[in-house]
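Chemist: Each position in the sequence shown, counted from 1, maps to that position plus 128 in this note's numbering.
Every residue gets a Cβ at the ideal spot worked out from N, C-alpha and C, and that includes glycine.
Quick caveat: nothing in here was measured; it's all calculated off a predicted structure.
Mind having a look at this structure? Questions to follow.
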Amino acid sequence: MATETIPTLHYLDIGRMGRGEVVRLFMRDAGIKFNDIRHAYDDTWPATSEKLKAEGITRTGKVPALLINGVTLNQHIPILRYLSRDIGRYDGETNHEKFQIDAVSDVYIDWRTRWVASLSGVTEDYKNNFVPQYYNVIAKYYSQNQGPYLLGDKITYADFAVYQSIDNDERIGTLPSELPEAVQKFREAFEARPSIAAYIEEHRVKKE
Numbered sequence: 129m130a131t132e133t134i135p136t137l138h139y140l141d142i143g144r145m146g147r148g149e150v151v152r153l154f155m156r157d158a159g160i161k162f163n164d165i166r167h168a169y170d171d172t173w174p175a176t177s178e179k180l181k182a183e184g185i186t187r188t189g190k191v192p193a194l195l196i197n198g199v200t201l202n203q204h205i206p207i208l209r210y211l212s213r214d215i216g217r218y219d220g221e222t223n224h225e226k227f228q229i230d231a232v233s234d235v236y237i238d239w240r241t242r243w244v245a246s247l248s249g250v251t252e253d254y255k256n257n258f259v260p261q262y263y264n265v266i267a268k269y270y271s272q273n274q275g276p277y278l279l280g281d282k283i284t285y286a287d288f289a290v291y292q293s294i295d296n297d298e299r300i301g302t303l304p305s306e307l308p309e310a311v312q313k314f315r316e317a318f319e320a321r322p323s324i325a326a327y328i329e330e331h332r333v334k335k336e
C-alpha cells in the first residue's frame, strides 16, 4: 500500500462488537499496520463525538473513521471498498463478481440495521424470523460459487462483514443453533485464516 504514514482507525471501545471491528479484522488480514484508537462508549462519548466532528474526523459524529493517505474515510463498507481497491485485492475481478460482493454487502447492511435495533431488546420476530431468513439468503449467495467464501476460494471484503454478523448475533444470543451448511463452511474457513485465528486467540487470552 502506498502511504506515507500508518493509517489511524477511530472506533468505540466495545470489544469485538460493531462496525469498526469489521475494518479492524480486514486490516489485520490484509497485513495493514494501523494505529487503533478506541474511544470510551460511556457518558463521555457525546462530548468526544462533538470533538471528532470539530476536528473533521467524522461528519456525522459516528465512527468508524479511518485516516489514511491524507484523507478521512467514514462508513465501514465504503472504507472496506476503498482499502480493497487501494491494495488491489478483496474486491473481485469481473463485473459480476463485484455485483455479488455489492449485493451481499447490501443484505448485510439490512441485517445490521435490525441488529442494532435489537440491542435495546431482542424481539421474537428478529430472533426467530428475520435472522434465520438472513442466513438463508446469505447461504444462497455462498452456495453459488461452492464456497467457502462468497467467490469460492477468493476472499472479499463482503466476507468480513458477513462474519461480523455471525459473530455479533452469537454475542447477543440470536444466532441460530444450526447455520445453513454453506454459512457454517464459510465460518470455519474464515476463522481458520492465520491472521484471524491469531486475532481470536489474542482476545480469548485477554478475557481469561
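(1) For Val232 and Asp219, what's the separation of their Cα atoms in angstroms?
(2) Could you tell me which residues DSSP puts in a beta bridge with Asp219?
(3) Under a Cβ-count criterion, where at least 16 other Cβ atoms within 10 Å of its own Cβ denotes burial, should Arg147 be classed as buried or exposed?
(4) Would you kindly work out how many angstroms separate the C-alpha atoms of Trp93 and Val191, rounded to a whole number?
(5) Kindly identify the DSSP beta-bridge partner or partners of Ala193.
(6) Could you pull out every residue in the same chain whose Cβ sits closer than 6 Å to the Cβ of Lys161, ignoring the five residues on either side in sequence?
(7) Measuring straight from C-alpha to C-alpha, what distance separates Arg299 and Leu247?
(8) Is Asn163 helix, strand or coil when you go by DSSP?
(9) Spell out a yes or no on whether the segment 164 to 173 and the segment 298 to 317 are touching, meaning 3 or more CB-CB pairs, one atom from each, closer than 8 Å.
(10) Between the C-alpha atoms of Glu316 and Thr186, what's the straight-line distance to the nearest angstrom?
(11) In terms of residues, what are the limits of the alpha helix (DSSP H) holding Arg147?
(12) If you reduce the DSSP assignment to three classes, tell me which class Tyr277 lands in.
(13) Straight-line CA distance for Tyr277 to Phe288?
(14) If you check the beta carbons only, do Thr188 and Lys255 fall under 9 Å apart?
(15) Evaluate Arg213 with the Cβ neighbour count: other Cβ atoms within 10 Å of its Cβ, from every protein chain shown; 16 or more gives buried, anything less gives exposed.
(16) Taking 8 Å as the cut-off, does the segment 192 to 209 touch the segment 136 to 152 (at least 3 CB pairs, one atom from each stretch)?
(17) On the CB-based measure, 16 or more other CB atoms within 10 Å of its CB, does Gln274 come out buried or exposed?
(18) Just grab the DSSP bridge partners of Lys282 for me.
(19) Can you look up Asp263 in the DSSP assignment and give me helix, strand or coil?
(20) Tell me which residues share the same chain as Arg242 and place their Cβ nearer than 7 Å to its Cβ, disregarding the 5 neighbours each side in the sequence.
(21) If you follow the alpha helix (DSSP H) that Ala182 is in, where does it begin and where does it stop?
(22) Determine, using beta-carbon pairs with one atom in the segment 149 to 168 and one in the segment 202 to 212, whether at least three such pairs fall under 8 Å.
Modeler: Let me lay it out:
(1) 12 Å
(2) None; Asp219 has no bridge partner.
(3) buried
(4) Since the first and last residues shown for the chain are 129 and 336, residue 93 lies out of range.
(5) His138, Asn202
(6) Ile134
(7) 11 Å
(8) strand
(9) no
(10) 35 Å
(11) 147 to 158
(12) strand
(13) 10 Å
(14) no
(15) exposed
(16) yes
(17) exposed
(18) Leu279
(19) Reading off the sequence, residue 263 comes out as Tyr, not Asp. Three-state result, Tyr263: helix.
(20) Tyr254, Phe258
(21) 173 to 182
(22) yes
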